[in-house]
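Numbering-wise (numbering that gives the first Met the number 0), the sequence shown opens with residue 0 and increments by one.
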Amino acid sequence: MLKIAFTVFTGLVGAALLHLIIILALPHFTGLDAYTGVLAKGDLNSFHGVGKRPDGSGLSDGDPFLQSSVCAFDIEDEPVRLLASGDVPFWSLAIYDSSSNEVFSMNDRTSVDGTMDVLVASPVALTTLRKALPESLSQSILVEMPRAEGYVVLRTLSPRKSLQDGAQAFLAGATCDAFAIGSPGNPTD
């Protein structure tokens, strides 16, 4: 009788574990994960707006007081610099790897003068940059990404209609550009 109870218990635990693994792995196999949705929005290294209703990418922002943009990037060859500024009551930035693990986040309260200036790079690229930090990066926040591929979510608050134009201008002016190490504009020697 004890052997039967042990067999049933082992089977139930095994089945529960198998179901948990399947549920957690499902987004990676179906292509319905957040990273795939961000890639579907458009080109790499460019911010793309997220609407209030799901579009072809499957992404949406249901909060009526927030406006959002996303940018997918690949830092295998060179870092990515994220810049934005403007007069908005609040903004927040979150950087995720391709598995949707949050790597870094900040908001306007933790930035220098309310301006977003972040450089996302691989550990090797950051080591190279830190040896001779270009003047253009003196106020930048340097973020180390363990994986080459990832995405950024930039949000801004617009609780009143009078603030919506400023929020849209802030998101439209945001950049997510490659940063060439050692180029004439970015010397590291």
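Ideal placement from N, C-alpha and C gives every residue a C-beta, glycine not left out.
Practice item. Give the DSSP bridge partners of residue 105, in chain order. Key: Start at 1 with the first residue of the sequence shown, and residue 105 comes out as number 106. DSSP links residue 105 through a beta bridge to 92.
Point to revise | For residue 67 and residue 127, the rounded distance between their alpha carbons | key: By 1-based counting over the sequence shown, the position of residue 127 is 128. By 1-based counting over the sequence shown, the position of residue 67 is 68. Spanning the two alpha carbons is a distance of roughly 33 angstroms.
Point to revise | Burial state of residue 0 (16 or more Cβ within 10 Å) | key: For the purposes of this step, residue 0 is identified with residue 1 of the sequence shown, where counting begins at 1. It is exposed - the Cβ of residue 0 has fewer than 16 other Cβ atoms within 10 Å.
Review point. So, residue 173 versus residue 105, is the Cβ gap smaller than 9 angstroms?
Key: Translated into the one-based positions of the sequence shown, residue 173 becomes position 174. Translated into the one-based positions of the sequence shown, residue 105 becomes position 106. No, they are not a contact pair.
Check your understanding: What are the boundary residues of the beta strand (DSSP E) that residue 169 is part of?
Key -> Numbered from 1 along the sequence shown, position 170 holds the residue referred to as residue 169. Residue 169 -> not in any beta strand (DSSP E); alpha helix (DSSP H) instead, spanning 160-172.
Review point. Quick one: Cα of residue 92 to Cα of residue 13, how far?
Key: On the sequence shown, residue 92 is found 93 positions in, with the first residue counted as 1. On the sequence shown, residue 13 is found 14 positions in, with the first residue counted as 1. Separation of residue 92 and residue 13 (C-alpha to C-alpha, rounded to the nearest whole angstrom) is 40 angstroms.
Practice item. Compare the C-alpha of residue 138 against each of 117, 73, 130 and name the closest. Key: What you label residue 138 is simply residue 139 of the sequence shown in a count that begins at 1. For the residues 117, 73, 130, the minimum Cα distance to residue 138 belongs to 117.
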